[in-house]
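Per our numbering, the sequence shown starts with residue 847, numbered consecutively. No residue lacks a Cβ here, since even glycine has one placed at the ideal position from N, Cα and C. This one's a predicted model, so the numbers in the text were calculated from it and none came from an experiment. Read through the structure below, which is laid out as C-alpha cells, and then see the notes.
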Amino acid sequence: ARGLSLVEEEPDPFAVGAGPPELPVVSRTPSDHPDRLRRRPSSYLAVDPRLLHEASDPDACLVGRAGDDGMNGDGIRKGDFLIIEECRARDLSNGAPAAFLVGEELRARRFLFANGKMHLRPTNSHYTKETFPPDAPGCHPIGRVLGLFRPLSKS
C-alpha cells in the first residue's frame, strides 16, 4: 500500500519578521564574577542560525573575543569573535575547544578534566598549559566554542 507522510516544515529563520538570532557580545568580565558575563553586553551580533545547529540550547549562546593567540593551531586568533554555548565544565567534552575566563581575559583552550582538575591546553606551543581546581576563582569555564567570526584585515 502506498501512503503519504506529512512532514513538519521548519520555520524559515530568514522569513519576514523572524530575523536571525542576535547574540550578546560579552565584554571583559572577572573570572571570580562569572554572573556578570551577560549583564552588560557591549553589543549584539546577528548570526546565521546555521552556525548554531550544534548548540543544544541556542538561547545559551553568546559571543566573546579571543584574548590571545593560544589556539592559533586550531585557527583561533587573538581578537576573533567566538560563538560560545554556555555550559558547565562537567558538560564539556575532553579535548574539545572551550572558552574560559582566566582573570579578566577570555581564552579559548582545549579542555581536559583529569585527576579532579581542569587542564587548559593551548595549541600554540609558545603558550603554557594551565591547570586549575574546579572551584578556582581565577578560572571560570564559560562553555564550548561552536565557531568564530574574524574581521578581514586591510591590506
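(request) Could you please give me the residues that DSSP links to residue 910 through a beta bridge? (result) Position 64 of the sequence shown, counted from the start, is the residue given in the question as residue 910. Per DSSP, 928.
(message) Closer than 7 Å to a non-hydrogen atom of the ligand COA - does that hold for the CB of residue 875?
(response) The ligand COA is absent from the structure shown, which contains no ligands of any kind.
(message) If you measure between the beta carbons of residue 883 and residue 871, is that distance less than 8 Å?
(response) If you number the sequence shown from 1, residue 883 lands on position 37. If you number the sequence shown from 1, residue 871 lands on position 25. Contact: no.
(message) For residue 922, report the span of its beta strand (DSSP E) as first-last.
(response) Reading the sequence shown from its first residue, position 76 is the one you call residue 922. Segment: none, residue 922 is in no beta strand (DSSP E) and carries neither H nor E.
(message) Considering just the uninterrupted stretch of the beta strand (DSSP E) at residue 956, what are its terminal residues?
(response) Translated into the one-based positions of the sequence shown, residue 956 becomes position 110. Looking at the DSSP string, the run of the beta strand (DSSP E) that includes residue 956 is 951-960.
(message) Once the 5 residues before and after residue 969 are set aside, which same chain residues still bring their CB inside 6 Å of it?
(response) Here residue 969 corresponds to residue number 123 of the sequence shown, with the count starting at 1. Answer for residue 969: 917, 919, 920, listed in chain order.
(message) Please state the DSSP three-state secondary structure of residue 967.
(response) On the sequence shown, residue 967 is found 121 positions in, with the first residue counted as 1. Reduced to three states, the DSSP call for residue 967 is strand.
(request) Give the range of the beta strand (DSSP E) segment to which residue 890 is assigned. (result) Indexing the sequence shown from 1 puts residue 890 at position 44. Note, residue 890: beta strand (DSSP E), 889-892.
(request) Give the C-beta separation of residue 866 and residue 895 to the nearest angstrom, bearing in mind that I take them to be a contact with Cβ-Cβ under 8 Å. (result) To locate residue 866, count along the sequence shown from 1; it is residue 20. To locate residue 895, count along the sequence shown from 1; it is residue 49. That pair is a contact at about 6 Å.
(message) Can you give me the C-alpha to C-alpha distance between residue 902 and residue 934, rounded to a whole angstrom?
(response) Locating residue 902 in the sequence shown gives position 56, counting from the first residue. Locating residue 934 in the sequence shown gives position 88, counting from the first residue. Looking at the two C-alpha atoms, the distance is approximately 13 Å.
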